[in-house]
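Asks: The sequence shown begins at 26 in my numbering and counts up one residue at a time. Each residue gets a CB set at the ideal place from its N, CA and C atoms; glycine is no exception. I am attaching a structure below and will ask some questions about it afterwards.
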Amino acid sequence: MEALRADESAWLPELSVVAQTPDGTIAGYALITRGWVDGEPVLTLAPCAVRPEFQRQGAGAAAIRAALEAARARDGERLVTVLGHPEYYPRFGFTPASGFGIRVGFEVPDEAIMVLALTEDRPLPTGTIRYPEAFGV
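Written out as structure tokens, the structure reads:
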């Protein structure tokens with residue numbers, strides 16, 4: 026996480042959302058960072074996590090929804106990518122990236138790479154997703 030925060034080209038603090046319990050305990054978080062599709066800037070929903078004792082209580086979903094709303098409010102953003110469980114992320118509007126001509130440069134199941142278009146009035150980039158170096162892929 027520290028390497029990601031240190032990467033000025035990827036770290037977007039305004040898209041970092043923390044979910045807390047009513048007493049202020051951190052339950053989880055959702056970060057949206059900068060990624061690229063064939064050189065075009067996009068957003069990437071990663072990393073996300075929820076502490077085990079707070080899982081399946083809505084903390085992760087609330088953080089993701091808040092992060093996506095903040096992303097929609099940013100001028101010029103067109104797309105959010107996510108690499109994750111294909112049965113979880115469609116509830117937020119994500120669909121398989123391959124349907125948009127978007128892929129990753131490493132082996133993962135096709136259905137695990139998903140995208141969410143933030144706008145319908147501009148074309149989406151196509152090509153290969155490049156993640157921040159801190160992700161190690």
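By the three-class DSSP mapping on this structure, what secondary structure does Tyr114 have?
Replies: Here residue 114 refers to the residue found at position 89 when the sequence shown is read from its first residue. Residue state, collapsed to three classes: helix.
Asks: For Thr69 versus Trp36, is the C-beta distance shorter than 8 Å?
Replies: Counted from its first residue, the sequence shown places residue 69 at position 44. Counted from its first residue, the sequence shown places residue 36 at position 11. No, these two residues do not count as a Cβ contact at 8 Å.
Asks: Quick check: what's the CA-CA separation for Leu104 versus Val62?
Replies: Position 79 of the sequence shown, counted from the start, is the residue given in the question as residue 104. Position 37 of the sequence shown, counted from the start, is the residue given in the question as residue 62. Straight-line Cα distance between these residues: approximately 10 Å.
Asks: So for Glu102, helix, strand or coil by DSSP?
Replies: Here residue 102 refers to the residue found at position 77 of the sequence shown. Coil at Glu102, not helix or strand.
Asks: May I ask you to report which of helix, strand or coil DSSP gives Glu128?
Replies: Taking the sequence shown and counting its residues from 1, the one referred to as residue 128 is at position 103. As written in the sequence, residue 128 is Arg, which differs from the Glu given in the question. Residue state, collapsed to three classes: strand.
Asks: Please classify Glu132 as buried or exposed, where buried requires at least 16 neighbouring CB atoms within 10 angstroms.
Replies: On the sequence shown, position 107 is the one that residue 132 refers to. Burial call: exposed.
Asks: Assign Val35 to one of three DSSP states: helix, strand, or coil.
Replies: Reading the sequence shown from its first residue, position 10 is the one you call residue 35. The identity of residue 35 in the sequence shown is Ala, whereas the question assumes Val. If DSSP states are grouped into helix, strand and coil, Ala35 belongs with coil.
Asks: By Cβ distance below 7 Å, which residues in the same chain neighbour Leu29 in space, the five residues on each side in sequence not counted?
Replies: Stepping through the sequence shown from its first residue, residue 29 is reached at position 4. The residues are Ala35, Trp36, Thr58, Pro157, Ala159.
Asks: In terms of residues, what are the limits of the beta strand (DSSP E) holding Ser41?
Replies: Walking along the sequence shown from the start, residue 41 turns up at place 16. Residues 41 to 45.
Asks: Can you tell me which residues form a DSSP beta bridge with Ala55?
Replies: In the sequence shown, counting from the first residue as 1, residue 55 sits at position 30. Paired residue(s): Val42, Cys73.
Asks: Helix, strand or coil: which one does DSSP assign to Leu93?
Replies: Counting from one through the sequence shown, the residue named residue 93 turns up at place 68. Looking at Leu93 - three-state DSSP - the assignment turns out to be helix.
Asks: Exposed or buried, what is Thr106 when buried is set at 16 or more other beta-carbons lying within 10 Å of its beta-carbon?
Replies: Numbered from 1 along the sequence shown, position 81 holds the residue referred to as residue 106. By the 10 Å Cβ count, Thr106 comes out buried.
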